[in-house]
Every structure is written in C-alpha cells, then in structure tokens.
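Please read the structure below before turning to the comments.
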Amino acid sequence: MPEKEKKQLTRPSENKKSENKRPKRKKNNYNIFWIYGIIVLGIIALQFYDFGGKPEDIYWQDLSQKIKNKEIVKIVVVNKEKAEIFLKPEVYKDSAYKKLAEKKIPEKGPHFIFRISSPEVFHEQLQKIQEDMPVNEKIFYASETRKDIMGEALGWIIPIGILVLIWVLIFRRMGGGASGGVGGGIFNMGRSKAKVFDDNATIKTSFKDVAGLEEAKQEITEIVDFLKNSDKYTKLGGKIPKGALLVGPPGTGKTLLAKAVAGEAKVPFFSMSGSDFVEMFVGVGASRVRDLFAQAKSQAPCIIFIDEIDAIGRSRGSKNSFNSNDERESTLNQLLTEMDGFETNTGVILIAATNRAEILDSALLRAGRFDRQIVLDLPDLNEREEIFGVHLQPIKSSKNLNKKTLARQTPGFSGADIANVCNEAALIAARKNKDEVENQDFIDAIDRIVGGLEKKKKIITPEERKTIAYHEAGHATVSWLLENSQPLIKVTIVPRGRALGAAWYLPEERQLTTEEQFLDEICATLGGRAAEEVMFNKISSGALNDLERVTKQAYSMVSFLGMSKEVGNLSFYDSSGQEMTFHKPYSEKTAELIDAEVKKIIEKEYIRAKETLRNNIAKFTELAERLQQKEVIFTDDVEEILGKRTFKNPHTEDAINGIKQDREDAKKESEVKNKPEII
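See below:
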C-alpha cells in the first residue's frame, strides 16, 4: 500500500479536523427587490430627463414682439394646452440666441413654449397682432394631439407597485423577519422560530452560575444524563421522561436554569417562547409546533425548551376558555398530539417554564407528557448567600463585605431581586465616586429597592410630619411588644416612593403560619391607625395600605384557611385556577357571615393595638419624638426606649444581631474612608 494512502487510513480524525477548518462561505444577502427598485427608478429617470434640452417658457409680450419682428417660422398647439414656438434657422444662428445653443436646444426646435388657457382666445390674439401684416407673412398655427404612452403606463404601474410593496412588507413583518430567515416571509410563516444551540453555541451559562437550586439542578442534571447515557436507564426497563415543567414565582431562575442546560448539554437545544406560536393567521401556531418537533426528531437526542408555556397551554375549561375555533386551542391540541405521539425513547425531551401552573390544561400536565414538575421556590437564607456569591463575582466589592449578612437583610428576595441589589449597589458606589462597593452601598440599595427612591425635598407641613412620625412609631411599638409580630429593623419618616414613611421588618422564614401569628401581624399593621387615634383623636388617609393588607389577610383567614369558629373548617379557595364566574361557591347568608367575621377580627385587633399603645404611652411618645428628631431610627433606638424583646427566637435574634453588626461595620468603614490623612 502506498504511504500516502496509508496515512489517510490510519489518521482519519486529522483529515476530518482539517476539513472542518476550511473557511465557511459567507452567506449572500442578495435580495432581488433591489433590482426591481433600480429598474423602476431607471424608467422614471428616462421619463423625466430630456436628453435634447428643454424649451424655454415665453410670455405673450415676448411672443408678440417676436411675431412682429418676423422671427418665428411656425407655431404648433399641442393638446390645446401649450403652443410650441419654432424660430427661423437664420434667427436661431443669430448671436442674440446663443443661450439656446448653450442649453442644447436643437436647431429644428421647438425653441419656446407658451402656455395657453384657451385655443380660441389664442387664435384671436394671433389674428389681432397680424392684422396689418401681408397674407404671405402671417403665421398660422397647427394643432396636434399627442399621447404620452410611457407617462400613462407609469401612472398605472407606480400606484399598483406601491400597493404591492406595502402588501409584501406587511406580510413579511407578520411572518416575523426577513424572507430568508427561518419563520420569516409569507411562505415561511409556518416555520418554527426556535433558536438552536449546539456544541458550537456561544452560551457560557453553566450549572455553576445557578446557585440555590440544588434539588432542581439535580432533576435537570438527571434529564441531561438521560440523553447522554440513555442505555444506563433503559437497560433496566425504564423509559426516558418526555417532559419536565419548571414552576415557580417570577425571578426564581427558571429561564436561567434552562440556559444552564443549554450550556451543559452536549446535545442540540431548541429554545422558543410560548408567544412565538401565537399569530393572527389560522393554523400558523399548529404548523410551527409541527415544524419544531420535526426539526427536533431529525436531530435527536435533543432538548426543546418553551418559556412561558401558559401563553398557549391555558386550560380550555377556565373562565377564559377559548372558542371552538380559537387559534390558541388549535396550537395547544397540536402540542398535545406531538408530545403524546413520541415513539419510545426517541431522545426528545421537552422542558417548559411557567409561573402560572394552576391555569395550565390538565391534559398537558398528565403523565406521559410532562412527567415531572420541578418547583422552584423563593430562596431561603443559605440559598440567598449562594446567590449573592454568584452575583458578587463581577463586582469590585469591599473585603469586609459579608455575604451572610446580605442574605439576612433580604428575606423574601428572589434571585432576580438579589441580582438587582448587587447592580444597584454598584451604581450607588459609582455615583459617589468610590473605588469599591462597600457595605453601606448594599444597605442603601436594599432600602432603594424595598422602599423606593428617597424624596427629601418633598413638601410636608409640620402637622403632617408629626402625624407620620406617630403613625410609624405606632407600628414600631406594637410590633416590638407582640410575640408573633415581625421585629423592627429600621423606620423612617423620609418619604420614599409613594409612601410618606416606611418601616423595615425582619420576617421569620417559616413554612406554616398559625392563627396567633396572623392576629399579631394584623394588630401590628393596625398600629399606625391606632396611634393616630390615641394621640390626636382623629384619623387620616395614611393608613390606606395598612387597611388593604389587613382586610385581605382577614378574608384569607376566614374564607380560605378555616380560622373562624362561626364559618367553620371550610375553604372556598380554588387552587385549580378555574374561578367561578356566574355564582359564588357559597350562599348569601354565608357571605354575610364571612363579612361579619372579618369585621370582628379586624375590630378586635384594632382595639388591642390601641390598648397596647395606651399601656406604653410614655415610651411610645418618646420613640415618636426621637423619630421626629433623627428622621431614621434603628433597632438600637427601639431597644433603648422599649427594652429588649422578651420573646426568645434564636434565628431572629441572630439575624438582628448580624444586621446590627453590619450597620456598625458599614459606619466604621465609612469613617475610615473619610478620615483625613495626617502629614
């Protein structure tokens, strides 16, 4: 065997690699519509451009003078609109008419144009001016009728062309992009708009970038492993799951987790939004579903990801039910058919994300379609610390920054909220011309996001300021003295956002809430309104948000959670999302009973809030006065006036002590930064 052939057989991988290194031909963006446009512009230019020179317009005074001077050889009236004036050859060559030659007006003419209003009037004017002239020297004009074939054709073609162009552009826009792209143009409207990511994709997101979702990552990792090592599972008789549904509140990382799958998976990854299936034309959504699954099957094993699937997967039996010929229902039916029509172990897995799982159609959620539902909850303390670790990596932060303390100060924050806190802190530090992001910047960022932008220049009268101070002090006092209410972290009377005052509390991270905890929270929320009545014997509109919250909470206790002895252990909550539209699930008598129970709960807690304030009137007043002086008070001020909380809760106490330490560290750090240098 020749040596050259031997090398080709023994090293096929190198040959393949060299072939892959060949430069790819650039895609030609040639569009035939440009040619059509150039042709039309050329025709218009030919129509309006006179290659032989354009005759000059002439007025009657000049024309009559030329007739008297016997310079004109003939006059031709065209279409009863204009008269073409022809000069005698010897006159044309005269030095007085050199300008005609310079303008490239031909010698044979016409040399001038006279606009006429009426042929009869023009005829009378010619006869009158030539009355004294001999007959053989008189000029008699001729009349002609000419047709501009090209002009008439363009008069028809141009409007029709404009209408066709507008029609094409409308259809191309409805089709979703350029005619050459996938899903673009009128003839490609039924094509799938899915973006395909494979080994050559530039997605750099991995599971390391997703923090705080260990159980969800384990489920997703197992699904990816199904595709990579399918024999490991099928040899025992198992079947690969056909679908996984990511469910959770907004900002918990559903789409980020899908991006990590696209970055980690070594298989093709099709990404599409639920709204991409919805179009105004009948059958387009179903056609795109068919095309998406056809592409996926041709590249199996692969993963399909549909974000916000509730756009097409809404329950057909809900109050927003579709008509029998609704386009979205046809799209949903096609999706159900495609998911259920998979052959065994074809290697195509569908991952979808939604934050409204309760409104999805039950046929979509049954086993065999979405076999797994992966719930992504709001992160707890440890998970928030991990998320901060991810988002702090690109930020130049202070060495004294503690992720644990940041996690303690952001209860109830989602992953997106934490990312926003880090970004806002960096912006605040940059606004102050700092070299690094410090603790105080993060505290300011959290305050900015929770309470809104400070409005120190808002005009507030002294009476209003005093009312706001006592209102917020009432909240702080009642919440500090009740066992199950949330302890205070900070309270301010500086307007933020739409609020004239604001208070920050440290909610306990619990999974269950007792009746006593609900009642204490309602009592603390009513502390502001109670403080106004106790101190001023009148009430204001400042308690609007408080009243709204306690009303919703009380109705939830009575009608959903069964926390009323009169109503009993009944719940009228519909977790399926199929709300009743024509009647309530209870009688009018029960509705009156629910209203009475809610009113009784709120009134009882309001009286308790007023009694709590009256029993501690001196301390409450001192706290309000200090708030008026300092505008912002913290836990230390409340402890100094009201004393330490006697209710033992190790988790809450640790969190409060940690937040105190954070504030002290931020204060010391700020003092060190602003300390003048001694030379």
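Residue 439 in our numbering is what sits at position 445 of the sequence shown, and the numbering runs on without skipping anything. Ideal placement from N, C-alpha and C gives every residue a C-beta, glycine not left out.
Any C-beta of chain E sitting closer than 7 Å to the C-beta of residue i?
i    : result
T471 : This model lacks chain E altogether, as it is built from one protein chain only.
So, helix, strand or coil for residue i, using DSSP?
i    : result
Y499 : strand
L120 : helix
M266 : strand
Q367 : strand
D589 : helix
E560 : coil
S550 : helix
R308 : strand
E526 : helix
I601 : helix
F641 : coil
S111 : coil
K189 : strand
S315 : With a pLDDT of only 47 at S315, under 50, the local geometry of the prediction cannot be trusted, and the value read off the model is given with reservation. Coil, per DSSP.
T139 : coil
Q508 : Here the sequence assigns Thr to residue 508, which means Gln is not the residue at that position. If DSSP states are grouped into helix, strand and coil, T508 belongs with coil.
S535 : helix
A347 : strand
A290 : helix
A493 : strand
I156 : helix
I133 : coil
F382 : helix
Out of the options, point me to the one whose CA is closest to residue i's CA.
i    : options                   : result
I214 : L230, M529, L250 and K226 : L250
I440 : P405, N63 and V632        : P405
A294 : N396, I300, F264 and K593 : F264
L57  : A77, L157 and N73         : A77
P262 : F271, D270, A252 and S269 : A252
I674 : K226, V632, E510 and I343 : With the chain covering only -5 through 673, there is no way to say anything about residue 674.
D568 : G446, I353 and H469       : I353
I516 : A497, I69, S473 and I533  : S473
L475 : K393, L358 and T640       : T640
S200 : R425, A493 and A254       : A254
E633 : K141, A548, I483 and K248 : I483
R308 : A357, L286, F287 and K260 : A357
E616 : Q480, I107, A467 and E380 : A467
Can you grab the Cα-Cα spacing for the pair residue i / residue j, in whole Å?
i    : j    : result
A413 : A351 : 25 Å
P501 : V283 : 45 Å
I154 : L35  : 15 Å
G175 : K189 : Here G175 scores only 43 on pLDDT, less than 50, and its place in the model should not be relied on; the value that follows carries that caveat. About 12 Å.
S173 : K202 : Per-residue confidence for S173 stands at a pLDDT of 38, beneath the threshold of 50, marking its modelled position as unreliable; the derived number appears in the next sentence. The straight-line gap from Cα to Cα measures roughly 39 Å.
I52  : I164 : 49 Å
R490 : K449 : 6 Å
I487 : A537 : 14 Å
T228 : E208 : 25 Å
F299 : D411 : 24 Å
S315 : E321 : Unreliable positioning characterises S315 in this predicted model, as indicated by a pLDDT of 47, which lies under 50. A coordinate reading is not provided.
I29  : G277 : 34 Å
A280 : D304 : 16 Å
N130 : I79  : 19 Å
K198 : G257 : 6 Å
V384 : I443 : 20 Å
D219 : N394 : 41 Å
A238 : L359 : 10 Å
K260 : N396 : 37 Å
I61  : P113 : 18 Å
E138 : V70  : 7 Å
Does the beta-carbon of residue i have 16 or more other beta-carbons within 10 angstroms, so that it is buried, or is it exposed?
i    : result
L400 : buried
I217 : buried
F530 : exposed
K211 : buried
L240 : buried
M679 : Missing from the structure shown is residue 679; the chain here goes from -5 to 673 and no further.
L607 : buried
I151 : exposed
T331 : exposed
E597 : exposed
Q59  : exposed
G369 : A small correction: the amino acid at residue 369 is Val; Gly does not occupy that position in the sequence shown. Label assigned to V369: exposed.
K426 : exposed
Regarding residue i and the ligand ZN, is the C-beta to nearest heavy atom distance less than 6 Å?
i    : result
G231 : Absent from the structure shown: the ligand ZN. Ligands present: none.
*Entirely enclosed alpha helix (DSSP H) segments - the stretch 202 to 281, minimum 4 residues*: 208 to 222, 224 to 228 and 248 to 258
*Of all the beta strand (DSSP E) runs that stay within the bounds of the stretch 407 to 491, which reach a length of 3 or more residues?*
482 to 486
_Every unbroken beta strand (DSSP E) within the stretch 47 to 101, with a cutoff of 3 residues, ordered by chain_ = 66 to 72 and 76 to 81
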